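Number of protein chains: 2
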Amino acid sequence: MSKIMIIEDEELICNELSRILENNNYETIILRDFKNALNKILEVSPDLILLDINIPFINGETLLQNLRKESNIPVIMVTSINSEIDEALSISYGADDYITKPYNPNILLLRIGAVLKRTKTNYNINVNELTYRELKFDLQKGIIKKDNTEIELTKNEMIIFSYLLNHQNKIVTREELMTTLWDNSEYVNENALTVNISRLRNKLKEIGYDNAIDTRKGLGYILL
Amino acid sequence: MSKIMIIEDEELICNELSRILENNNYETIILRDFKNALNKILEVSPDLILLDINIPFINGETLLQNLRKESNIPVIMVTSINSEIDEALSISYGADDYITKPYNPNILLLRIGAVLKRTKTNYNINVNELTYRELKFDLQKGIIKKDNTEIELTKNEMIIFSYLLNHQNKIVTREELMTTLWDNSEYVNENALTVNISRLRNKLKEIGYDNAIDTRKGLGYILL
DNA sequence: TTCTAATGTTACAAAACTGTAAGGTTATAT
DNA sequence: ATATAACCTTACAGTTTTGTAACATTAGAA
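As they're listed, the protein sequences go chains G and X. For what it's worth, our numbering labels the leading residue of the first sequence as 4, then goes sequentially. For what it's worth, our numbering labels the leading residue of the second sequence as 4, then goes sequentially.
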């Protein structure tokens, strides 16, 4: 369940937004003014912020600018209709989306869903994962996770696996893999690739992926 | 320079869009109908697609749905005003943004810029590179490239560097780095982190990034 | 079926990686 | 100015990674 922070001064709108979101399984936190807003945001650490740009006295852009120095929490700006300048500024100051009042609740929910989806793997920054069947492959650490098992890959194994993963269901030639691994600068034994493939296969086998990498003799390998 | 494909049947709009984009340093490719559109997209491999949802006979959503099976090239839907249903569907079918006609050229450009920025590192799948100043950091291989120099990072150095990179200009605590590196399962000497930071700094220094990682005593590190 | 090139396996040694310890340096509070 | 905790550097040794070589297996052409 995602936490959404609503920053908005008009009570009616707050309540309406909150009701819509809570009905759709979001947790909401309301902030009625900008006093100490930045600290509160960082303290609460919401998954997304709905920010009204027209709160009097202080403007939303300043808050957004300051927030962006500290965090990439996604922000959807809520603007009055026809305020194109606001719109332009919001984007260039780092808003992830904006929506104009009055808004259709379904559209709002879709936009929130879309922003959450596209930022999920990105803002919570270090989750750089590829998925393969039931596996998660952590690109940074070179770890494959399945259920509660973890397998560590060496650098070579990582390179091969992510290359295959990015070409899933396509045949990858041995030469492709060779140049990916060794940049054809230094000479290495042809067999070095075979050995590395073999080692990767053994690790995959340990977690039940026995025939994941298939040999297409004379052509290359394919990850199924 | 980014390539933008315009899929739109009205000639006037095509030309106008094309002019605006070319004036702003984008290369444009125009597709006036959906005949074979998917193949053409994959062949041209544009960096972004502007897709008119109202082309007669076939609808844009179908194309988008099919495209999404093959590729994550970012798509901005162009819709007629007030077609909220289209809007909703576009997002749920995988559009990255949409814009309503008539559009303000500056807003259009900003949105294009924003979409390109946020998808740059993500959609073109095998180019898994992060950029830091004049450096390119290849996440798969753990190689930092600057001009024609290459520096190899070890796994630990990769983890630290990409963590810092993903939190650029933000202070990262030593504890964060410790748990990122060692998952706090096994005990390691506090100093192990210091040593690894030191090794990473030495490598960065070799290519002229002397004070890239700054110590904030008592707080952590920050990548400038 | 038989032959052969392509691919696989294993063991091993050189090279790279990495945590530790011991001692040095530095920023900050008092 | 001084003390001290925080951080840095270096050398070292245990461990892991990796290419090689020697031999084994296999798919597919003839």
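All residues carry an ideal CB built from backbone N, CA and C; glycine is no exception. As the structure is a computational prediction, the values presented were derived from the model and not from experiment.
- The Cβ-Cβ distance between X:K144 and G:I162 falls below 8 Å.
- Under the three-state reduction of DSSP output, X:V47 falls in the helix class.
- Counted as a single uninterrupted DSSP element, the stretch harbouring X:E25 is not any beta strand (DSSP E) but the alpha helix (DSSP H) occupying residues 14 to 26.
- Residue-level contact by beta carbon holds for X:S165 and chain G, with a gap shorter than 8 Å.
- For the options G:T183, G:E193, G:L167, the alpha carbon positioned closest to that of G:R204 is the one of G:L167.
- Around G:L142, the beta-carbon contacts reaching into chain X at under 9 Å are N131, L142, Q143, S165.
- Its chain contains I174, V175, T176, R177 as the residues whose beta carbon lies nearer than 6 Å to that of G:G223, once the 5 sequence neighbours on both sides are disregarded; these appear in chain order.
- Here X:S201 is exposed. Its C-beta has fewer than 16 other C-beta atoms within 10 Å.
- A straight line joining the alpha-carbon of X:Y135 with that of X:D100 spans about 27 Å.
- The shortest CA-to-CA distance from X:P108 to any of X:V198, X:N192, X:I16, X:D213 is the one to X:I16.
- In the pairwise beta carbon analysis, the stretch 190 to 198 of chain G is classified as not touching the stretch 148 to 157 of chain G: fewer than three pairs are separated by under 8 Å.
- In this structure X:D186 is exposed. Its beta-carbon is surrounded by fewer than 16 other beta-carbon atoms within 10 angstroms.
- Residues of chain X with a Cβ closer than 8 Å to the Cβ of G:M80 do not exist, since the nearest Cβ in that chain sits about 12 Å away.
- In summary, X:T82 is buried, with 16 or more beta-carbon neighbours lying within 10 Å of its beta-carbon over all protein chains present.
- G:F164 sits in a helix when the DSSP states are folded into three classes.
- Pairing X:D217 with X:Q171, the inter-Cα distance amounts to about 11 Å.
- Taking all protein chains shown into account, G:V191 has fewer than 16 neighbouring C-beta atoms within 10 Å of its C-beta and is therefore exposed.
- Annotated as distal: G:L53 and G:I76, with beta-carbon spacing of 8 Å or more.
- Assignment of G:M80 by DSSP, reduced to helix, strand and coil, places it in the strand class.
- If you look at G:E137, you'll find it isn't in any beta strand (DSSP E); DSSP assigns it neither H nor E.
- By a beta-carbon distance limit of 8 Å, G:R219 does not contact G:I210. Their separation comes to about 23 Å.
- Taking a C-beta distance under 8 Å as the contact criterion, X:E30 and X:I9 do not qualify as a contact pair.
- Residue range 193 to 209 is occupied by the alpha helix (DSSP H) that includes X:I200.
- For the set G:E179, G:E137, G:K43, G:E25, the Cα lying nearest the Cα of G:A215 is the one of G:E137.
- Contact annotation: in the stretch 9 to 27 of chain G, no residue has its CB less than 9 Å from a CB in chain X.
- One thing to note: X:A98 has its Cβ no nearer than 8 Å to the Cβ of X:L119.
- Contact between X:D50 and X:E11 does not hold, since their C-beta atoms are separated by about 17 Å, which reaches or exceeds 8 Å.
- Under a 10 Å Cβ-count criterion, X:D213 is classified as exposed, with fewer than 16 other Cβ atoms of the shown protein chains found around its own Cβ.
- Secondary structure note for X:T182: its alpha helix (DSSP H) is the uninterrupted segment 177 to 185.
- In this structure, the CA atom of G:A40 is about 48 Å from the CA atom of X:A40.
- DSSP places X:K144 in no beta strand (DSSP E); its state is neither H nor E.
- X:L222 carries a coil assignment under DSSP once its states are collapsed to helix, strand and coil.
- X:K158 has a beta carbon lying within less than 8 Å of a beta carbon in chain G.
- The DSSP-derived three-state label of X:T152 is strand.
- The three-state reading of DSSP puts G:T65 in helix, counting H, G and I together.
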